[in-house]
Amino acid sequence: MKPRTMALSGKHSTITCSNKCDSRLNTRACRPRLDTLPSELVFAICAQLPDFQDSSPRVRLPRRANATLPQLARVAPNCFVPAVTTAVRRASWFCQVEPDLDSHFELARWEVKPDQQLEHQRLSGCIAVDVRGPRVVGPDGVAWPQVYLIVDGSLQQGIVPVDVIPFPVAAIRVMTLSSFPWLLDYPIPPCLVKLTIELAWDEPHAERIRLLAAHFPKTLRRLALKLYGIEPAESLVLARTLPPSVQDLDLVGMPLCDKGAGALVHALPTALQHLQIAASEMTQRGFLALIHHLPADQLVSLRLCGTVHSTESLDALAAWLHQTTCLETLQLPSAHNNAPLGAMVPVFAALPGTLRSLSLFGNVGAEAVAVMAPLPHLQVLNVMCVRDGTTIAPLIPHLPMTLREFRIAFVNLSTGELLEGLNAAHARGTRWPKLVKVTLQRVNLTWEQFETIMGALIRMNEKPEQCVEVHVPNESTLPSFPAVQKRWKAEGWNVLV
0 MKPRTMALSG KHSTITCSNK CDSRLNTRAC RPRLDTLPSE LVFAICAQLP DFQDSSPRVR
60 LPRRANATLP QLARVAPNCF VPAVTTAVRR ASWFCQVEPD LDSHFELARW EVKPDQQLEH
120 QRLSGCIAVD VRGPRVVGPD GVAWPQVYLI VDGSLQQGIV PVDVIPFPVA AIRVMTLSSF
180 PWLLDYPIPP CLVKLTIELA WDEPHAERIR LLAAHFPKTL RRLALKLYGI EPAESLVLAR
240 TLPPSVQDLD LVGMPLCDKG AGALVHALPT ALQHLQIAAS EMTQRGFLAL IHHLPADQLV
300 SLRLCGTVHS TESLDALAAW LHQTTCLETL QLPSAHNNAP LGAMVPVFAA LPGTLRSLSL
360 FGNVGAEAVA VMAPLPHLQV LNVMCVRDGT TIAPLIPHLP MTLREFRIAF VNLSTGELLE
420 GLNAAHARGT RWPKLVKVTL QRVNLTWEQF ETIMGALIRM NEKPEQCVEV HVPNESTLPS
480 FPAVQKRWKA EGWNVLV
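If you count by numbering that gives the first Met the number 0, then the sequence shown holds residues 0 to 496, one letter each, in order.
Below, the structure written as structure tokens:
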């Protein structure tokens with residue numbers, strides 16, 4: 000009968016090296032294993048060597064690393080485990096494995112369960128979850144399937160157990176889950192500091208949501224939940240169980256509604272510094288409940304996307320902005336189409352001078368820009384979907400010399416508002432010596448208009464400290480474009496289509 004051994008401590012396995020030398024360590028077994036590791040992992044191990052200069056495990060493996068393999072085998076007891084830990088610290092690629100009882104190979108193999116997200120045939124570097132084996136109890140007392148780092152294997156031939164390295168699930172510190180929803184059938188790894196889940200569901204997943212909410216790690220600092228298609232009741236469960244350690248929170252596509260906003264108010268993490276809420280289906284009532292409880296003396300960034308607001312909620316936002324002390328990033332919501340003229344005036348008058356990044360969306364109005372508070376530290380400005388292009392002209396002269404990135408998208412500039420603003424700013428003596436990036440997207444400019452705008456931009460920064468990238472629409476690809484592009488690049492402006 001063919002051997003069916005699945006454990007990693009038998010005839011066909013290799014003993015994993017520990018951090019400290021151990022008399023029981025089988026160094027002969029370690030040497031061939033090290034030779035077969037993926038290049039990224041070999042590089043991480045080589046980085047532990049005293050004569051190895053490069054420190055980044057993400058760059059390409061240098062040629063000299065192969066020459067260090069003999070030395071690598073000698074020092075393996077001290078660097079093998081740190082290297083594996085480095086390799087699995089960030090996890091985003093997973094597969095389910097189970098014993099292949101029908102295997103016709105000489106060695107027992109694991110079969111990889113079919114998954115449409117596994118596009119690559121080779122599985123080197125993937126994290127395997129043994130869905131049939133015994134569970135392993137973690138430091139938090141929760142049982143998790145045994146996980147392995149795959150050294151070699153493929154979807155077609157499966158995986159030989161000798162080609163995987165077991166490691167504790169607690170070694171995963173950063174997890175990105177943009178596919179593989181089956182992972183939510185198990186508790187979240189217990190020592191995560193960053194978790195991003197971006198999934199679109201077309202059916203309720205109440206049980207998975209409850210399991211996720213019950214096992215949010217206490218170590219979590221960054222949490223991004225982009226869950227499209229979940230039910231309001233499921234959003235409510237998550238809103239009530241946010242860990243207090245979270246400093247950076249993104250809630251996107253979750254229908255919190257007013258009830259969920261109320262629950263979120265009472266569960267806001269005490270350490271919260273960055274907050275994004277988008278497509279939440281909150282009405283004015285939910286927004287007012289939320290804005291009154293946000294820590295104005297603690298938030299560094301606030302992004303409110305995909306929401307429209309009445310005069311009352313905008314006044315509440317303005318009152319909150321007056322109280323902020325360290326806000327650096329602000330993405331303003333849109334005023335409702337039926338809001339009276341000048342509804343955004345209180346908000347613009349309350350913009351804090353600490354801002355470094357400002358994003359404007361929807362109906363802004365020239366009246367609001369006219370009362371805009373000075374922003375002496377502003378570095379990034381995004382203007383998108385502004386219905387009235389006349390907002391642009393008075394906005395440009397308000398931009399300080401600290402500006403580094405400037406983006407206008409989905410705004411009609413065909414009547415010359417941007418050029419008018421640039422000329423007015425230049426006449427006032429405004430310059431942008433630190434500018435590094437300009438993006439113009441869907442702005443309805445002709446080629447002649449764009450050339451004129453480029454001339455005005457160059458006057459704002461005649462001697463760039465570094466090459467300025469200018470991203471322009473595809474319609475700029477005219478026969479004369481290559482020659483003009485070359486001339487602009489010589490002046491320090493790299494125009495990209």
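We treat Cβ as the ideally placed atom computed from N, Cα and C, and that holds for glycine.
Query: Sequence-distant residues of its chain with Cβ nearer than 8 Å to Trp200 (five each side left out); Result: Pro180, Leu226, Tyr227, Gly228 and Ile229
Query: Cα-Cα separation, Leu248 to His273; Result: 6 Å
Query: Whole-angstrom distance between Pro138 and Gly124, CA atom to CA atom; Result: 25 Å
Query: Distance between Ala90 and Leu154 (C-alpha atoms, nearest Å); Result: 19 Å
Query: Contact under 8 Å by Cβ, Leu287 with Ser312; Result: yes
Query: Straight-line gap, Pro56 to His321 (C-alpha atoms, nearest Å); Result: Residue confidence for Pro56 is low, a pLDDT of 41 falling below 50, so the modelled location carries little weight; the figure read from the coordinates is stated next. Near 45 Å, if we compare the C-alpha coordinates of His321 and Pro56.
Query: Beta-carbon proximity list for Cys466, same chain, < 6 Å, skipping 5 on both sides; Result: Gly491 and Asn493
Query: Minimum C-alpha distance to Gln145 - residue among Leu182, Val173 and Gln448; Result: Leu182
Query: Beta bridge counterpart(s) of Trp143 as assigned by DSSP; Result: Val135
Query: Among Ser244, Leu289 and Leu444, the one whose alpha carbon lies nearest that of Leu255; Result: Leu289
Query: Limits of the unbroken beta strand (DSSP E) element including Val111; Result: Trp109 to Val111
Query: Ser54, DSSP secondary structure in three states; Result: Confidence at Ser54 is low in this model, with a pLDDT of 44, below 50, so its placement is unreliable and the value that follows should be read with caution. Ser54: coil per DSSP, three-state reduction.
Query: Reference Val346, options Ser356, Cys325 and Val368, closest by Cα; Result: Val368
Query: Three-state secondary structure assigned by DSSP to Phe347; Result: helix
Query: Assigned exposure category for Val58 - 16 Cβ within 10 Å defines buried; Result: Only weak support exists for where Val58 lies, its pLDDT of 40 falling under 50; the value from the coordinates is given anyway. Flag for Val58 reads exposed.
Query: Of the residues Asp151, Arg302, Ala169 and Ala348, the one placed nearest Ser333, counting alpha carbons only; Result: Arg302
Query: Proximal residues to Thr323 (C-beta, below 6 Å), its chain only, five neighbours per side dropped; Result: Ala295 and Pro351
Query: Where Ser244 falls: helix, strand or coil (DSSP); Result: coil
Query: Minimum length 4: unbroken alpha helix (DSSP H) runs contained in the region 453 to 489; Result: 480 to 489
Query: Asn362, DSSP secondary structure in three states; Result: coil
Query: Cβ-Cβ distance between Leu354 and Val385 below 8 Å; Result: no
Query: Cys304 - DSSP class collapsed to helix/strand/coil; Result: strand
Query: Where Pro373 falls, given that 16 or more other Cβ within 10 Å makes a residue buried; Result: exposed
Query: Residues that DSSP places opposite Cys94 in a beta bridge; Result: Ala127
Query: Bridge partners - Asn493, DSSP secondary structure assignment; Result: Glu468
Query: Where Gly157 falls: helix, strand or coil (DSSP); Result: strand
Query: Endpoints, alpha helix (DSSP H) assigned at Asn443; Result: Where Asn443 is concerned, there is no enclosing alpha helix (DSSP H), given that its DSSP letter is neither H nor E.
Query: Same chain, Cβ closer than 6 Å to Ala170, neighbours up to 5 away in sequence not counted; Result: Thr84 and Val87
Query: Residues near Ser244 by beta carbon distance below 7 Å, same chain, minus five either side; Result: Lys217, Thr218, Leu219, Arg220, Pro268 and Ala270
Query: Test item: CB-CB of Leu398 and Ile452 under 8 Å; Result: no
Query: Simplified DSSP assignment, three categories, for His321; Result: helix
Query: Distance between Val80 and Thr4 (C-alpha atoms, nearest Å); Result: Residue confidence is low: Thr4 scores 29 on pLDDT, short of 50, so the model does not pin down where it sits. Its coordinate-derived value is still stated next. Using only the alpha carbons, I get a separation of about 24 Å.
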